[in-house]
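Peer 1: Sequential numbering of the sequence shown, starting at 1, is according to full-length UniProt numbering. Yeah, the Cβ is synthetic: ideal placement off N, Cα and C, and Gly gets one too. Computed from a predicted structure; not experimentally measured.
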Amino acid sequence: MWTTNQASKKITVATNLNPQNFTLKVVAQSVTGGTAVSEVTLSTTATEFVTGIATTIGNCDLAYTASATAAQGTGNDAHTVTYTLTAA
Numbered sequence: 001m002w003t004t005n006q007a008s009k010k011i012t013v014a015t016n017l018n019p020q021n022f023t024l025k026v027v028a029q030s031v032t033g034g035t036a037v038s039e040v041t042l043s044t045t046a047t048e049f050v051t052g053i054a055t056t057i058g059n060c061d062l063a064y065t066a067s068a069t070a071a072q073g074t075g076n077d078a079h080t081v082t083y084t085l086t087a088a
């Protein structure tokens, strides 16, 4: 859930993990109060996630997808994912 009293906002998303062993993606679903971009592959660079946020209260569901290839081997990644409401 988010709220803003100013127009022309967006939400960006980033992970703290660099380098990543495996791929982690996220998509916003059932968005109210903005427009979801397509699925985002997480990286340490903030990427647009929800755009077109006006003066509103909004929310969305988050759907994560993790994937690995045989070449990547086994192991684990521990992400801290940060969502930031900022000027568009």
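(1) Assuming residue 15 contacts residue 80 under a Cβ cut-off of 8 Å, what Cβ separation, rounded to an integer in Å, is found between them?
(2) Provide the residue(s) that pair with residue 45 in DSSP beta bridges, ordered along the chain.
(3) If residue 40 and residue 83 are in contact, beta carbons under 8 Å, what's the gap, nearest whole angstrom?
(4) Enumerate in chain order the residues of its own chain whose CB-to-CB distance from residue 98 is below 6 Å, with the five nearest sequence positions on each side excluded.
(5) Would the beta-carbon of residue 59 fall within 7 Å of that of residue 1?
(6) What span of residues does the beta strand (DSSP E) with residue 75 cover, start to end?
(7) Take residue 61 as the anchor and find which of 4, 49, 45, 69 has the nearest alpha-carbon.
(8) What three-state label does DSSP hand residue 70 in the structure shown?
Peer 2: Reading off the structure:
(1) For residue 15 against residue 80, the beta-carbon gap comes to about 7 Å, under 8 Å, which counts as contact.
(2) BP columns for residue 45 are empty, so no partner.
(3) The C-beta distance from residue 40 to residue 83 rounds to 11 Å, too long to meet the 8 Å contact threshold.
(4) Missing from the structure shown is residue 98; the chain here goes from 1 to 88 and no further.
(5) Residue 1 is positioned such that its CB atom lies closer than 7 Å to that of residue 59.
(6) No beta strand (DSSP E) contains residue 75, which DSSP labels as neither H nor E.
(7) When each option's Cα is compared against that of residue 61, the closest is 49.
(8) Taken through DSSP and simplified to helix, strand or coil, residue 70 comes out as helix.
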